[in-house]
Amino acid sequence: MGYTATPFANVFINPDSEDEMLGSDLFPAHFIHCLDAPTNYCGAEKMFPDKDLSDNDFIREIDDAEDYIPLRHKKGQPIVDLPPSLRKAIRTFILSRAIRNLRGDKDNHCSMLINVSRFVDTQREMRLLTELYVDQLRKAIRFNYRLPPDKAQRDASISQLHRDFLEEYSNTDIDWTDVLAELNDATSAIKVFLVNSKSDEALDYTTYEKEGNALTAIAIGGLSLSRGLTIEGLTVSYIYRNSKMYDTLMQMGRWFGYRDGYEDLCRVYMSDVSYGWYCHISEAADELRMQVKRMRRERKKPSDFGLYVRAHPDTLIVTAQNKMHYAANRAFRVSYDGKLMETHILPDSAEKNDNNRYLLKAFFDDLKKLAVPHTDKTNSLLFRDVSWEHIQDFVLKFRFHTDMFDLQENIPRFIKEISDIYP
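Heads up: the sequence shown runs through residues 0 to 422, numbered per numbering that gives the first Met the number 0.
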């Protein structure tokens, strides 16, 4: 039995492969079960609800990093300074640690992630510049945190922290005066870690736990940060990378998780292009979950069921090309606007057809309870103001013929998308 948050590559493995490692172990031949996220889980639905970045509580746009550290940079390319957006992300992290302390969360870990390069030398330079900036803020705070706010804010760094607080956290339950007084403890605890295969440092939270302490960490790295490493108490993330694969991008997204008591403080900095990518991948993953649920309703195994993953129209690929050797392309209708789509093929199962007849009668009976029908001169009935959820629920429960599975997968999503545009 295996658990994964990125199943894209697994479903493309040939189930008939003679290779035991591939055919028997990695293709989920017998079953796939989707675990529903608890309400306190901070996942893609919360972070990437739609493609409008301007109204997102979690995501902050990186629009200034290209002049400092280009997405396409070579090994050894020097970095002379941190992008202003990264400086703001670091200040936001300091503010979040102070607020968490004031909320009684001082004994729990608090972390920040910086992922801007796959090159170890570049990561080292980023670590040095980050330490210098944290030290600059630490000194400014140490000299001013005991002063009244109006006098403390004469310092440029304190003034900037105050502006950041008003922009990001003014709607929290904490006052700026209290935050200012807590900033010294917040910055004094920060440690900057270099996390990669060449580093001797270990982001070891258990060592601090054994000593009864919480770790406040800024972790800088690339591949090692993307896979396998648990980042405890992740509050602020800064990612500026150009990976084009669904599974790799999702593995970089370490910000998903349980953030009880500080979810409102979490921020993720990324480019608007990356935001669009994550929105698309979130939709593709949601589609795959819907297929799995339908497969279970039809009591089929993955080896007997054609799972698919929505392709990106432009840049992204689902997974590495060598893992898609047995995959095939198939086109599906993605818009049903103004189209009459008929289920002209019936299931070859009396049980399914009986279920559909019962479902249709129950749906019609519910309509008569929910709305008064309008009768025109042809004696046709028209029900107005029927909720989209009611219609979507009917389509989800209707048992389609297997040759029309794209209707069952895509129409409920289309209904939801239309409801977002015309609520």
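Backbone N, C-alpha and C fix where the C-beta goes; we use that ideal spot for every residue, glycine too.
Open item on the list: Relative to the C-alpha of Leu127, which candidate in Ala139, Ile140 and Ile113 has its C-alpha closest?
Closed with: Translated into the one-based positions of the sequence shown, residue 127 becomes position 128. Ranking Ala139, Ile140 and Ile113 by CA distance to the CA of Leu127 puts Ile113 first.
Open item on the list: Within the continuous beta strand (DSSP E) that includes Ser281, where are the two ends?
Closed with: For the purposes of this step, residue 281 is taken as residue 282 along the sequence shown, with counting starting at 1. Boundaries around Ser281 are those of the alpha helix (DSSP H), Asp271 to Arg296, since no beta strand (DSSP E) includes it.
Task: Extent of the continuous beta strand (DSSP E) to which Tyr237 belongs - done: On the sequence shown, residue 237 is found 238 positions in, with the first residue counted as 1. Run containing Tyr237: Leu233 to Ile238, per the beta strand (DSSP E) assignment.
- [ ] Can you have a look at Ile344 and say buried or exposed, based on whether 16 or more other CB atoms are within 10 angstroms of its CB?
- [x] Start at 1 with the first residue of the sequence shown, and residue 344 comes out as number 345. Ile344 comes out exposed.
Task: DSSP-derived helix/strand/coil call for Asn114 - done: Position 115 of the sequence shown, counting from 1, holds the residue named residue 114. Note: Asn114 maps to strand in three-state DSSP.
Open item on the list: If you measure between the beta carbons of Phe382 and Leu358, is that distance less than 8 Å?
Closed with: Counted from its first residue, the sequence shown places residue 382 at position 383. Counted from its first residue, the sequence shown places residue 358 at position 359. In this structure, Leu358 does not lie closer than 8 Å to Phe382 by Cβ.
Task: C-beta atoms of Asn241 and Arg102 nearer than 8 Å - done: Position 242 of the sequence shown, counting from 1, holds the residue named residue 241. Position 103 of the sequence shown, counting from 1, holds the residue named residue 102. In this structure, Arg102 does not lie closer than 8 Å to Asn241 by Cβ.
TODO: Using only alpha-carbon positions, find the residue among Ile157, Asn107, Pro147 and Lys150 that is nearest to Arg137.
DONE: The sequence position of residue 137 within the sequence shown is 138, counting from 1. Taking each of Ile157, Asn107, Pro147 and Lys150 in turn and checking the Cα distance to Arg137, the smallest one comes out for Ile157.
Task: Cβ shell of Phe393 (< 6 Å), same chain only, five flanking positions each side left out - done: Locating residue 393 in the sequence shown gives position 394, where the first residue counts as 1. Same-chain partners within the cutoff: Phe362.
- [ ] Can you say whether Ser110 is buried or exposed, counting buried as having 16 or more other CB atoms within 10 angstroms of its CB?
- [x] Locating residue 110 in the sequence shown gives position 111, counting from the first residue. Its Cβ being crowded by 16 or more others within 10 Å, Ser110 is buried.
Task: Residue environment, Glu181, which counts as buried when at least 16 other CB atoms sit within 10 Å - done: Here the question's residue 181 lines up with position 182 in the sequence shown. Buried, since its Cβ has 16 or more Cβ neighbours within 10 Å.
TODO: Would you mind working out which of Ala139, Ile173 and Trp276 sits nearest Gln159, comparing C-alpha positions?
DONE: Within the sequence shown, the letter at position 160 stands for residue 159. When the alpha-carbon of Gln159 is set against those of Ala139, Ile173 and Trp276, the nearest one is in Ala139.
Open item on the list: If I measure Cβ to Cβ from Val194 and keep anything under 8 Å in the same chain, skipping five residues before and after, which residues do I get?
Closed with: Reading the sequence shown from its first residue, position 195 is the one you call residue 194. Excluding residues within five positions, the ones whose Cβ falls inside 8 Å are Glu200, Leu202, Ala218, Ile219, Gly220, Ser223, Leu224 and Leu228.
TODO: Return the first residue and the last residue of the alpha helix (DSSP H) that Ala151 is part of.
DONE: Your numbering for residue 151 matches position 152 in the sequence shown. That run of the alpha helix (DSSP H) goes Pro148 to Ala151.
Open item on the list: Just to confirm my understanding: we take Leu214, look at its own chain, exclude 5 residues before and 5 after, and list those with CB closer than 6 Å. What are they?
Closed with: Taking the sequence shown and counting its residues from 1, the one referred to as residue 214 is at position 215. Excluding the 5 residues flanking it on each side, Leu214 has same chain C-beta neighbours closer than 6 Å at His108, Tyr204 and Tyr207, in chain order.
Task: Residues that Arg109 bridges to, as DSSP identifies them - done: Here residue 109 corresponds to residue number 110 of the sequence shown, with the count starting at 1. Per the sequence shown, residue 109 should be read as Cys rather than Arg. Looking at the DSSP assignment, Cys109 forms a beta bridge with Thr215.
TODO: Inspect the beta-carbon positions of Tyr168 and Ile98 and report whether they are closer than 8 Å.
DONE: In the sequence shown, the residue the question calls residue 168 occupies position 169. In the sequence shown, the residue the question calls residue 98 occupies position 99. Yes.
- [ ] Could you work out which residue in Tyr40, Lys50, Lys87 and Lys209 is closest to Val235 when comparing CA atoms only?
- [x] On the sequence shown, position 236 is the one that residue 235 refers to. From the listed residues Tyr40, Lys50, Lys87 and Lys209, the smallest Cα separation to Val235 is found for Lys87.
Open item on the list: Tell me the DSSP secondary structure of Val133 in three-state form.
Closed with: As a working mapping, residue 133 is identified with position 134 in the sequence shown. DSSP places Val133 in helix when its eight states are reduced to three.
TODO: Could you check what DSSP says for Tyr261 in three-state terms: helix, strand or coil?
DONE: Along the sequence shown, one-based indexing puts residue 261 at 262. Reduced to three states, the DSSP call for Tyr261 is coil.
TODO: Find out if the Cβ-Cβ distance for the pair Leu94, Phe164 is shorter than 8 Å.
DONE: Translated into positions along the sequence shown, residue 94 becomes position 95. Translated into positions along the sequence shown, residue 164 becomes position 165. For Leu94 and Phe164, yes; Cβs fall inside 8 Å.
TODO: Would you mind working out which of His400, Met269, Asn378 and Lys50 sits nearest Glu350, comparing C-alpha positions?
DONE: For the purposes of this step, residue 350 is taken as the residue at position 351 of the sequence shown. Per the C-alpha coordinates, the member of His400, Met269, Asn378 and Lys50 positioned closest to Glu350 is His400.
TODO: Check whether the Cβ of Lys300 lies closer than 8 Å to any Cβ atom in chain B.
DONE: No chain B is present in this structure, which holds just one protein chain.
TODO: Could you have a look at Glu65 and say whether DSSP puts it in helix, strand or coil?
DONE: Within the sequence shown, the letter at position 66 stands for residue 65. Coil at Glu65, not helix or strand.
Task: Ile417 in three-state terms, based on DSSP - done: Position 418 of the sequence shown, counted from the first residue, corresponds to residue 417. Ile417 sits in a helix when the DSSP states are folded into three classes.
Open item on the list: For Lys209 and Ser281, I'd like the C-alpha separation in whole angstroms.
Closed with: Residue mapping note: residue 209 aligns to position 210 of the sequence shown, counting from 1. Residue mapping note: residue 281 aligns to position 282 of the sequence shown, counting from 1. When rounded, the separation of the alpha-carbon atoms in Lys209 and Ser281 is 38 Å.
Task: Three-state class that DSSP yields for Lys190 in the structure shown - done: Indexing the sequence shown from 1 puts residue 190 at position 191. In the structure shown, Lys190 sits in a strand (DSSP, three-state: E or B).
TODO: Can you grab the Cα-Cα spacing for the pair Cys33 / Lys292, in whole Å?
DONE: The count along the sequence shown starts at 1 and reaches residue 33 at position 34. The count along the sequence shown starts at 1 and reaches residue 292 at position 293. Roughly 8 Å separates the two Cα atoms.
- [ ] Flag this pair as yes or no: are the beta carbons of Thr91 and Arg266 separated by less than 8 Å?
- [x] Locating residue 91 in the sequence shown gives position 92, where the first residue counts as 1. Locating residue 266 in the sequence shown gives position 267, where the first residue counts as 1. Contact flag set, yes.
- [ ] To the nearest angstrom, report how far apart Ile417 and Gln391 are at their CA atoms.
- [x] As a position in the sequence shown, residue 417 is number 418, starting the count at 1. As a position in the sequence shown, residue 391 is number 392, starting the count at 1. Computed Cα separation, rounded: 11 Å.
- [ ] Compare the beta carbon distance of Val133 and Ile189 with 8 Å and say whether it is the shorter of the two.
- [x] Numbered from its first residue, the sequence shown carries residue 133 at position 134. Numbered from its first residue, the sequence shown carries residue 189 at position 190. With a cutoff of 8 Å on beta-carbon distance, Val133 and Ile189 are scored as near each other.
Open item on the list: Check for me: the beta strand (DSSP E) holding Arg253 runs from which residue to which?
Closed with: Taking the sequence shown and counting its residues from 1, the one referred to as residue 253 is at position 254. Neither: Arg253 is in no beta strand (DSSP E) and is coded neither H nor E.
TODO: For Asp49, I'd like the list of residues in its chain whose CB is within less than 8 Å of its CB, leaving aside the five on either flank, ordered along the chain.
DONE: Against the sequence shown, residue 49 aligns to sequence position 50. Residues Cys278 and Asp419 of the same chain have their beta carbon placed closer than 8 Å to that of Asp49, with the five preceding and five following residues left out of the count.
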